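Have a look at the structure below, then the notes.
Protein chains: 2
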Amino acid sequence: MADNDKITELANRIYALDEKVYKATGSNLGRVYQGNKEKCINDLRDLLKSSADSSVLRSELALISNMARTTKKNPQLHKEIMHEYGEIFDEAMAMQEAREGNDIIDPEHAELNMSNLANRFGKDDNLIICIGRSYGCAGTDIGFKLADKLRISYYDVSIMNEILQRNEEHEETDRALFQNKTARTPAQWWRDFRKYHGLSRSDVQFFNTSKKLVDLAKQEPYVIMGRYADNILTKNHIPHISIFITAPKKLRIQRTYHTSKEKLTYKQAAKYVSKEDKAHLKRYAFYTGKKWGEADNYDLTINSSTYGIDGSVDLIMRIVAKNQLDN
Amino acid sequence: MADNDKITELANRIYALDEKVYKATGSNLGRVYQGNKEKCINDLRDLLKSSADSSVLRSELALISNMARTTKKNPQLHKEIMHEYGEIFDEAMAMQEAREGNDIIDPEHAELNMSNLANRFGKDDNLIICIGRSYGCAGTDIGFKLADKLRISYYDVSIMNEILQRNEEHEETDRALFQNKTARTPAQWWRDFRKYHGLSRSDVQFFNTSKKLVDLAKQEPYVIMGRYADNILTKNHIPHISIFITAPKKLRIQRTYHTSKEKLTYKQAAKYVSKEDKAHLKRYAFYTGKKWGEADNYDLTINSSTYGIDGSVDLIMRIVAKNQLDN
Chain A
12 MADNDKITEL
22 ANRIYALDEK
32 VYKATGSNLG
42 RVYQGNKEKC
52 INDLRDLLKS
62 SADSSVLRSE
72 LALISNMART
82 TKKNPQLHKE
92 IMHEYGEIFD
102 EAMAMQEARE
112 GNDIIDPEHA
122 ELNMSNLANR
132 FGKDDNLIIC
142 IGRSYGCAGT
152 DIGFKLADKL
162 RISYYDVSIM
172 NEILQRNEEH
182 EETDRALFQN
192 KTARTPAQWW
202 RDFRKYHGLS
212 RSDVQFFNTS
222 KKLVDLAKQE
232 PYVIMGRYAD
242 NILTKNHIPH
252 ISIFITAPKK
262 LRIQRTYHTS
272 KEKLTYKQAA
282 KYVSKEDKAH
292 LKRYAFYTGK
302 KWGEADNYDL
312 TINSSTYGID
322 GSVDLIMRIV
332 AKNQLDN
Chain B
12 MADNDKITEL
22 ANRIYALDEK
32 VYKATGSNLG
42 RVYQGNKEKC
52 INDLRDLLKS
62 SADSSVLRSE
72 LALISNMART
82 TKKNPQLHKE
92 IMHEYGEIFD
102 EAMAMQEARE
112 GNDIIDPEHA
122 ELNMSNLANR
132 FGKDDNLIIC
142 IGRSYGCAGT
152 DIGFKLADKL
162 RISYYDVSIM
172 NEILQRNEEH
182 EETDRALFQN
192 KTARTPAQWW
202 RDFRKYHGLS
212 RSDVQFFNTS
222 KKLVDLAKQE
232 PYVIMGRYAD
242 NILTKNHIPH
252 ISIFITAPKK
262 LRIQRTYHTS
272 KEKLTYKQAA
282 KYVSKEDKAH
292 LKRYAFYTGK
302 KWGEADNYDL
312 TINSSTYGID
322 GSVDLIMRIV
332 AKNQLDN
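Going down the list, the sequences are from chains A and B. The numbering of the first sequence is our numbering, which starts it at 12 and goes up by one. The numbering of the second sequence is our numbering, which starts it at 12 and goes up by one.
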């Protein structure tokens, strides 16, 4: 069987490389494969055949290559060894990948988005970037600057509500409706009830926003802050990139303390950030059934305190730029 | 006061731009600034002066620019409008940034790492990448391939233990010690107790690994999987990039089911992944005092199901490449 021959050959090459590296380095760590040669090669053959033992094989290859890299003082030998290692590595990886079930790509994403961020957007798709963020992490600043740098539209809660209000030409009702600020009289309540089929005001807001986001996605590229946009677009099979931005709570409190309009005390700022976190969690779970801020709901999660506002914009730009280049 | 003049001028420019955009588009959304001109400009001046109202100003600018982008059909006018918008945007942002407390950079990071990932590594620092991952997300495959692509060393728990064992030349004791597999006799227990000053075996492992990681960082660039390396290196003031990799639990269970050595049933795989998640959380909290997998502990959190193994490697490479380029 040809496949079996290939495995035997590769096992022999790995053994020989280990031997060569050991002789070249005289390392105090010794060789990876010690004792009876035939037995070593048999073990290696078993490793190469099994898809389950891939972590052992990986560790052994890594030990050899970590050692191999220390042969730099002899450039000719180093080049030779690294070349041989490169070939062995590629062949061993190819053998493993030929077995199914190894990768981690989400089949649902795959169906929707051709599975890979770089291939997600088709020629006719607009670039849509959904940004979720925790309170005080400067996520809004990042999203706003990002939209400007990409020269695409920017939407957040206040802009979205402004647009919905103007579109509907029911300024009074809708201002109350979307800003959730005005107490309603029983008559107003009844009018709203009939108009919105008995839905709560925040539900109406949710549905109107959903419709608007889907319509907009067909017209133009945009950055959208929050609004459960990631979930809405996924359900409508509209390709998008989903990013969550956060930062350590201590820093978010500090930033809130420094920038709050209401001149909060530090303690009040801390309380406010905690309250916002809890409210976000609750609302997001209600409208999406998912856990807000949990990394596996997003394509990427950024700690803005690492990069700062401009650094975060730059990081996202690099991901997006790749996308744009590929299309 | 010159500053006041500047604010008045900018307020006038914003008002004029809004008017120009409105006339160019004849938009059904109408103008951002309506009614009495003097009052509008006074409101704008207030917005520009206040650091707390930055979100309102931002929304208004975004509304104008979203609208301005729709003037593309008239290229000359579009160019003119976007140029004016660009200047206004930069000036408004500069005014905001001149006020303190606006950015979100972590001062501790700043001290340790010159605050920005792109500037984190000095000329004499080795590139160290710490990767944490949840069970079944292919994080180990990603780390291994990343190290190979960067041509730097790769360390994980088994390699680390192998090295520690060999270094100490106490094969028997240490194999028991680091693999936590062999039950010890009372005599062995007593010997270990004296040797390791009464520390638990996992504590000894932790301290030895810490020391080794710090030593290695001075010698060579590397990728390290888990081992609380992010926390250890931070405490030792050694620059590094910290990445967490995860994927939706459903997919991690599927992958475990497909690749498990022990031919687990789906139910067993699900139980195993949950158990691993819990154990990780507990161990990480014990050794670092932090919550494992929480995005604000890392520079970046990647959902591997979005990118797949090679796509995730590619994503990290792009971040690292920027780093390398900047130095």
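The C-beta atom is built at its ideal place from N, Cα and C for all residues, glycine as well. Remember, predicted model here, so these are calculated numbers, not experimental data.
{"Item": "Closer than 7 Å at the beta carbon, the chain B residues around F155/A", "Value": "R69, A73"}
{"Item": "Beta-bridge pairing of N314/A - partner residues as DSSP gives them", "Value": "T257/A"}
{"Item": "Beta-ladder partner(s) of C141/B, from DSSP", "Value": "I235/B, S253/B"}
{"Item": "Presumed contact (8 Å Cβ cut-off) between D167/B and T151/B, rounded CB distance", "Value": "6 Å"}
{"Item": "Sequence-distant residues of its chain with Cβ nearer than 8 Å to N23/B (five each side left out)", "Value": "I52"}
{"Item": "CB contact check: N137/B to chain A, cutoff 8 Å", "Value": "no"}
{"Item": "Contact list for the region 305-327 of chain A against chain B, Cβ threshold 9 Å", "Value": "E305, A306, D307, N308, Y309, D310, L311, T312, I313, N314, S315, S316, T317, Y318, G319, I320, D321, G322, S323, D325, L326"}
{"Item": "The region 257-274 of chain A contacting the region 298-313 of chain B, beta-carbon criterion three pairs below 8 Å", "Value": "yes"}
{"Item": "Close beta carbons around I320/A, own chain, < 8 Å, minus the five adjacent residues each side", "Value": "A149, D152, I153, K156"}
{"Item": "Three-way DSSP call (helix, strand, coil) for Y146/A in this model", "Value": "coil"}
{"Item": "Proximity test, Cβ basis, 8 Å: D167/B and chain A", "Value": "yes"}
{"Item": "The region 19-34 of chain A in contact with the region 92-112 of chain A per 3-pair CB rule at 8 Å", "Value": "yes"}
{"Item": "Chain A contacts made by the region 271-293 of chain B, where a contact means CB separation under 9 Å", "Value": "S271, K272, E273, K274"}
{"Item": "Boundaries of the beta strand (DSSP E) in which Y165/A is found, first to last residue", "Value": "164-166"}
{"Item": "Residues within the region 81-93 of chain B neighbouring chain A, beta-carbon criterion of under 7 Å", "Value": "none"}
{"Item": "Interface residues of chain A facing F255/B [CB-CB closer than 9 Å]", "Value": "A306, T312"}
{"Item": "Chain-ordered neighbours of D353/A on chain B, where CB pairs are closer than 8 Å", "Value": "Because chain A is modelled from 12 through 338, residue 353/A falls outside the range shown and cannot be assessed."}
{"Item": "Whole-angstrom distance between S65/A and Y233/A, CA atom to CA atom", "Value": "43 Å"}
{"Item": "Whole-angstrom distance between Y44/B and I249/A, CA atom to CA atom", "Value": "33 Å"}
{"Item": "8 Å contact criterion, which L74/B and I243/A should meet: CB distance rounded", "Value": "Not quite, the Cβ-Cβ distance comes to about 21 Å (not below 8 Å), so this is no contact."}
{"Item": "Short CB-CB distance (under 8 Å) between I396/A and chain B", "Value": "Since the first residue of chain A shown is 12 and the last is 338, residue 396/A is not available in this structure."}
{"Item": "Any C-beta of chain A under 8 Å from that of T339/B", "Value": "The structure shown has nothing for residue 339/B, since chain B only spans 12 to 338."}
{"Item": "Beta-carbon gap between A35/A and L72/A smaller than 8 Å", "Value": "no"}
{"Item": "Beta-carbon contacts of V331/A that lie in its chain and below 8 Å, excluding the five residues immediately before and after", "Value": "L138, I140, L161, I252"}
{"Item": "Reduced DSSP category for V331/B - H, G, I as helix; E, B as strand; rest coil", "Value": "helix"}
{"Item": "Interface partners of E30/B on chain A, CB under 7 Å", "Value": "Correct list: empty, because the minimum Cβ distance to chain A is about 17 Å."}
{"Item": "Short CB-CB distance (under 8 Å) between I249/B and chain A", "Value": "no"}
{"Item": "DSSP three-state assignment for Q45/A, whether helix, strand or coil", "Value": "coil"}
{"Item": "Nearest-angstrom Cα separation, counted from T82/B out to S145/B", "Value": "48 Å"}
{"Item": "8 Å Cβ cutoff, E173/B in contact with chain A", "Value": "yes"}
{"Item": "Close-in-space but distant-in-sequence residues of the same chain around A339/A (CB under 6 Å, 5 per side omitted)", "Value": "For chain A, the structure presents residues 12 to 338; residue 339/A sits outside this window and is missing."}
{"Item": "Local Cβ density within 10 Å of G147/A, reported as buried at 16 or more and exposed below that", "Value": "buried"}
{"Item": "From Y33/B, T299/B, S316/B, residue whose alpha carbon lies closest to that of G237/B", "Value": "T299/B"}
{"Item": "Residue-chain proximity (I142/A, chain B), Cβ-Cβ < 8 Å", "Value": "no"}
{"Item": "Interface residues of chain B facing S213/A [CB-CB closer than 7 Å]", "Value": "Per Cβ cutoff of 7 Å: no residues; S213/A is ~20 Å from chain B at best."}
{"Item": "Rounded separation between I174/B and I92/A - CA only", "Value": "21 Å"}
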